[in-house]
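Chemist:
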Amino acid sequence: MTGEGLHRLGTPRRATVHAGRGGVPTTVGRTRVEAVNEDWVVEDRWWTGKPLRRRYFELVMVDGRNVVVFLDLESGRWFTQRA
Amino acid sequence: MVICVLLARFALIAALGDRRALLAEPVALAPEAGGPQMVGEVSAAAEAFGLHSGMRLGEALARCPGLRLVPPDPDGVRSLWSELLDRLEGIGAAVESDRAGQAFFEAGGLAGIHGGNIEGVLASTRRALAGRDGSGAGRGARIGVAPARFSAYAAALKARPRRAAEMVSAGAVRAFLAPLPVRLLRSRAELAALPETLERLGIRTLGELAALPAPAMAERFGHPGLLALDLARGRDTPIEPRRPAEPVVERLALPEAASGPQLEHALVLLIARLLARPERRGRSLRSIALSARFVEGGTWRTAVTLRQASADPDRLRIVLTPKLSELPAPAESIAVEVEAFGPPAREQARLIDERGSAESRRERIGEAVRQARQAAGSDAALRVLAIDPESRLPERRAVLAPFPAEPAEERRR
Numbered sequence: 001m002t003g004e005g006l007h008r009l010g011t012p013r014r015a016t017v018h019a020g021r022g023g024v025p026t027t028v029g030r031t032r033v034e035a036v037n038e039d040w041v042v043e044d045r046w047w048t049g050k051p052l053r054r055r056y057f058e059l060v061m062v063d064g065r066n067v068v069v070f071l072d073l074e075s076g077r078w079f080t081q082r083a
Numbered sequence: 084m085v086i087c088v089l090l091a092r093f094a095l096i097a098a099l100g101d102r103r104a105l106l107a108e109p110v111a112l113a114p115e116a117g118g119p120q121m122v123g124e125v126s127a128a129a130e131a132f133g134l135h136s137g138m139r140l141g142e143a144l145a146r147c148p149g150l151r152l153v154p155p156d157p158d159g160v161r162s163l164w165s166e167l168l169d170r171l172e173g174i175g176a177a178v179e180s181d182r183a184g185q186a187f188f189e190a191g192g193l194a195g196i197h198g199g200n201i202e203g204v205l206a207s208t209r210r211a212l213a214g215r216d217g218s219g220a221g222r223g224a225r226i227g228v229a230p231a232r233f234s235a236y237a238a239a240l241k242a243r244p245r246r247a248a249e250m251v252s253a254g255a256v257r258a259f260l261a262p263l264p265v266r267l268l269r270s271r272a273e274l275a276a277l278p279e280t281l282e283r284l285g286i287r288t289l290g291e292l293a294a295l296p297a298p299a300m301a302e303r304f305g306h307p308g309l310l311a312l313d314l315a316r317g318r319d320t321p322i323e324p325r326r327p328a329e330p331v332v333e334r335l336a337l338p339e340a341a342s343g344p345q346l347e348h349a350l351v352l353l354i355a356r357l358l359a360r361p362e363r364r365g366r367s368l369r370s371i372a373l374s375a376r377f378v379e380g381g382t383w384r385t386a387v388t389l390r391q392a393s394a395d396p397d398r399l400r401i402v403l404t405p406k407l408s409e410l411p412a413p414a415e416s417i418a419v420e421v422e423a424f425g426p427p428a429r430e431q432a433r434l435i436d437e438r439g440s441a442e443s444r445r446e447r448i449g450e451a452v453r454q455a456r457q458a459a460g461s462d463a464a465l466r467v468l469a470i471d472p473e474s475r476l477p478e479r480r481a482v483l484a485p486f487p488a489e490p491a492e493e494r495r496r
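Now the structure itself:
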C-alpha cells in the first residue's frame, strides 16, 4: 500500500554485494559472508506490467551479524532488507 | 432575485473527464456496480435513440447497439461539483445545492460588488463557472433568474446553454409558470409523486394548479399540496446555503488486489491518519464517507452518519468495516473522508473513579505523546501497524501510523 506521508517498514535498501559461483553472495559491502543460512525465491505480481522477482539470501557474516539480501531478478540489482 | 445554475448531464460529464468529446456520440453512464441494471445519464445523441436515464440496460443496448457505457464516478462528480460551488462562493454567492449540476443563490446582496446590477452578477457567475482558461466544466451552464428557487429552476430549463440567462421578473412569474407542465414539480424530491395524481385529476399545467383553492389542496394532499400550490404561484421556501466543506480526506493506494483482512488493516491505518489530521482540531466526527477507485475504472462511495459523533478509532472502525464488504469490485485505492465534524471530542468524567494502573499508564503515555508532538510535529509519535503480516515481502508487512491521541490529549485541544 502506498499513500502520501506513509512510512513503510522494512523497505529494501541498495547494497554492494559481490556474488560468487551460482550467484551466491561472497561479500556484502566490505564484510565477507561466513555462511548462507537459507535462500529462497519470491515471485509476485506476475499478472501486472510490473512483475516482482527476487532471490533472497539469509547470510551469516564474519562479524557475526545476520543479514538478508536479495537480487532483484528484473533489474539485476542487490538490496538488503530487514526481514 | 434567485439565480439558478443548471448543468445538464453533469454526472456523465464528470465521468467522461478529458474525453468530453464523446458527448457527441451515444454514451451513457453504466449501471452502478452492485446496483440495479439501469443506465444513468445519457448524451443527447443517445437521447435521439429514445434512451433516457433509468432505462434498463438491456433495452438501452437493444435500442442503440452502438451505445458506449462509461463507468460512473460518484467521487469525481462530487469533487468536480464541489470545485464549481467553491468558484461560485468565490464571487460571494451563498450557494444552495442538493444535487450535483444544480445550484441556487440569492443575487440581491451580490449586485453591489459586481457592477451594481444583476447583469454584473450574471457575468461574474459565467466567468466563475468557465474557470480561468474558459474551459471549465461549468461553461455549458444554463442560467435562470426569477424571484424564487422553483421559478428560477423553470427559467434555467428554458435558457440555452452558454447563452444569455432567462430572466423572469416578479410581476411576470405567474404568467411565466402558468403554461409549464405540472411534472416540473418532480424536481422537488418531496413532490415526486404528486404530478402523476394531478394529471389523473386533469390538472396538467402549473396555471391550472395555481387556480385551485388552497383549502382544497390542503384537504386532498396535505402539506405537499400546499407546497405545490406555492411553487405554482411563484413562491418558494428561502434558499438554504450550504456550509462550505472542509475537505479532510485520507487515501491509500492498493497496488495489488487487497481483500478481507488487508482492507481492514488499510482502514485502520486510514482512520488513524484521519484522526491525526491537524484540521480536525480535536473535534469528533459526525459523518464519514468511505470511497474507492476501481482497478477497472470508476469509483464507489458510501457515507455513514454516526448515531453519536465520535473520535474513537475503534468505534469508527466498527462502523466502517461492514461497508468494506459492500465494495462491488477490486479497488485500486480506498479513501476515508470527513463529511461533517461533530462537537469537540471529550470523554465524560466517570462518577466513580475506577482508574487502574493500566489507565494511568496510558494517560502518562498520552501526555508524553502530546509533548513529543508539540515539540516535533504530528509525526513525532508513531506506532507500528501490521498491514499484511503474512506477506512474503517484508516491506508490505507493516507501516508506521500516527499514535492514537489519548483522551487526555483530546481534552486539552
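Chains as they are written, first to last, in the numbering used here: chain L, 1 to 83; chain H, 84 to 496. Glycine is no exception: its CB is placed at the ideal position from the N, C-alpha and C atoms.
1) CB Arg14/L to CB Arg77/L, shorter than 8 angstroms?
2) Can you find a C-beta in chain H that's less than 8 angstroms from the C-beta of Leu71/L?
3) Which partner residues does Gly227/H have in the DSSP bridge list?
4) Using Cβ-Cβ distances below 7 angstroms, what residues of the stretch 458-484 of chain H are close to chain L?
5) Quick check: the stretch 97-114 of chain H against the stretch 144-161 of chain H, are at least 3 beta-carbon pairs closer than 8 angstroms?
6) What in chain H is Cβ-close to Thr80/L, meaning under 8 angstroms?
7) Determine the direct distance from the alpha carbon of Arg55/L to that of Gly22/L, and round the result to whole angstroms.
8) If you measure beta-carbon to beta-carbon, which residues of the stretch 34-47 of chain L are closer than 8 angstroms to chain H?
9) Alpha carbon to alpha carbon, how far is Ala190/H from Cys87/H?
10) How many whole angstroms separate the CB atoms of Ile470/H and Leu399/H, which I take to be in contact at a CB cut-off of 8 angstroms?
11) If you draw a straight line from the C-alpha of Arg243/H to the C-alpha of Ser416/H, how long is it?
12) Under 8 angstroms, Cβ to Cβ, is there at least one residue of chain H near Arg8/L?
13) To which residues of the same chain is Arg496/H closer than 6 angstroms at the C-beta, ignoring the five residues directly before and after it?
14) Does any residue of chain H bring its CB to less than 8 angstroms from the CB of Pro25/L?
15) 8 angstroms is my cut-off, CB to CB: does Ala15/L come that close to chain H?
16) Figure out for me which residue from Glu446/H, Ser374/H and Phe424/H has the closest Cα to the Cα of Ala412/H.
17) Are any of the Cβ atoms in chain H nearer than 8 angstroms to that of Pro12/L?
18) Can at least three beta-carbon pairs, one atom from the stretch 93-108 of chain H and one from the stretch 63-81 of chain L, be found at a separation below 8 angstroms?
19) State the Cα-Cα distance for the pair Glu34/L and Thr80/L, rounded to the nearest angstrom.
20) With three or more beta-carbon pairs closer than 8 angstroms as the criterion, would you say the stretch 476-490 of chain H touches the stretch 357-364 of chain H?
21) Less than 8 angstroms between the CB atoms is what I'm expecting for Arg257/H and Ala297/H, so what's the real figure, rounded?
22) Quick check: the Cα distance between Ser136/H and Thr385/H, rounded to an integer number of angstroms?
23) If you measure from the beta carbon of Ala83/L to each beta carbon in chain H, is any gap under 8 angstroms?
24) Locate the alpha helix (DSSP H) running through Ser443/H, then write down its first and last residues.
25) Tell whether a beta-carbon distance below 8 angstroms holds between Val28/L and Val17/L.
26) Given a cut-off of 8 angstroms, decide if Lys406/H and Val387/H are closer than it, judged by their beta-carbon atoms.
27) Apply the 10 Å Cβ neighbour rule to Asp319/H and answer buried if 16 or more other Cβ atoms are within range, or exposed otherwise.
28) Restricting to Cα atoms, I'd like to know which of Ile448/H, Val178/H and Leu260/H is closest to Gly290/H.
29) Assuming contact is defined by CB atoms lying nearer than 8 angstroms, are Leu89/H and Gly159/H in contact in what I supplied?
30) Which residue from Asp181/H, Ala229/H and Phe132/H puts its Cα closest to that of Arg326/H?
31) With Val85/H and Ala231/H assumed to form a contact (beta carbons below 8 angstroms), what rounded beta-carbon distance in angstroms separates them?
32) Using the rule of at least 16 other Cβ atoms within 10 Å of the residue's Cβ for burial, across every protein chain shown, is Gly64/L buried or exposed?
33) Is Asp44/L closer than 8 angstroms to Leu350/H when the C-beta atoms are compared?
34) Could you check if Glu333/H is buried or exposed, using at least 16 other CB atoms within 10 Å of its CB as the buried criterion?
35) Between which residues of its own chain and Leu352/H is the CB-CB distance below 8 angstroms, once the five residues before and five after are set aside?
Modeler: From the atom records:
1) A contact, by the Cβ cut-off of 8 angstroms.
2) Chain H, which has no Cβ nearer than 8 angstroms to the Cβ of Leu71/L, makes this no.
3) The partner list for Gly227/H (beta bridge, DSSP) reads Cys87/H and Glu249/H.
4) Flagged, chain order: Leu465, Val467, Ile470, Arg475, Leu476, Pro477, Glu478, Arg480, Ala481, Val482 and Leu483.
5) Counting Cβ pairs under 8 angstroms, three or more are found: they touch.
6) Listed along chain H, no residue sits closer than 8 angstroms to Thr80/L by beta-carbon distance, the nearest being about 11 angstroms off.
7) Rounded to whole angstroms, the gap between the alpha carbons of Gly22/L and Arg55/L is 12 angstroms.
8) Correct list: Val42, Asp44 and Arg45.
9) So the alpha carbons of these two residues sit roughly 10 angstroms apart.
10) So it is not a contact: roughly 18 angstroms between Cβ atoms.
11) Rounded to whole angstroms, Arg243/H to Ser416/H spans 39 angstroms at the Cα level.
12) Chain H, which has a Cβ nearer than 8 angstroms to the Cβ of Arg8/L, makes this yes.
13) Because the pLDDT of Arg496/H is 46, which lies under 50, any placement of that residue in the model is unreliable, and the number read from its coordinates should be weighed accordingly. If we look at Arg496/H and ignore the five residues flanking it on each side, its Cβ neighbours are Gly365.
14) Closer than 8 angstroms: no.
15) Not closer than 8 angstroms to any Cβ of chain H, the Cβ of Ala15/L fails to qualify, so no.
16) For the set Glu446/H, Ser374/H and Phe424/H, the Cα lying nearest the Cα of Ala412/H is the one of Ser374/H.
17) Yes, because at least one Cβ of chain H sits closer than 8 angstroms to the Cβ of Pro12/L.
18) Taking 8 angstroms as the limit for Cβ pairs, the verdict is that the stretch 63-81 of chain L does not touch the stretch 93-108 of chain H.
19) Rounded to whole angstroms, Glu34/L to Thr80/L spans 16 angstroms at the Cα level.
20) Because the criterion of three Cβ pairs below 8 angstroms is met, the stretch 476-490 of chain H and the stretch 357-364 of chain H touch.
21) Going by Cβ atoms, the distance from Arg257/H to Ala297/H rounds to 15 angstroms, so no, they are not a contact pair.
22) Answer to the nearest angstrom: the Cα atoms are 21 angstroms apart.
23) With 8 angstroms as the cut-off, Ala83/L counts as an interface residue toward chain H.
24) Secondary structure note for Ser443/H: its alpha helix (DSSP H) is the uninterrupted segment Ser440 to Ala459.
25) Val17/L is positioned such that its CB atom lies closer than 8 angstroms to that of Val28/L.
26) In contact: Val387/H and Lys406/H (Cβ atoms closer than 8 angstroms).
27) Classification for Asp319/H: buried.
28) It is Leu260/H whose Cα lies nearest to the Cα of Gly290/H.
29) No, the Cβ-Cβ distance between Leu89/H and Gly159/H is not below 8 angstroms.
30) Among Asp181/H, Ala229/H and Phe132/H, the Cα nearest to that of Arg326/H belongs to Asp181/H.
31) Val85/H to Ala231/H, Cβ: 6 angstroms. Contact.
32) Around the Cβ of Gly64/L, a 10 Å sphere holds fewer than 16 other Cβ atoms; the residue is exposed.
33) Not closer than 8 angstroms, so no.
34) Residue environment analysis places Glu333/H among the buried positions, since at least 16 neighbouring C-beta atoms fall within 10 angstroms of its C-beta.
35) Answer for Leu352/H: Leu335, Leu468, Ile470, Val482 and Ala484, listed in chain order.
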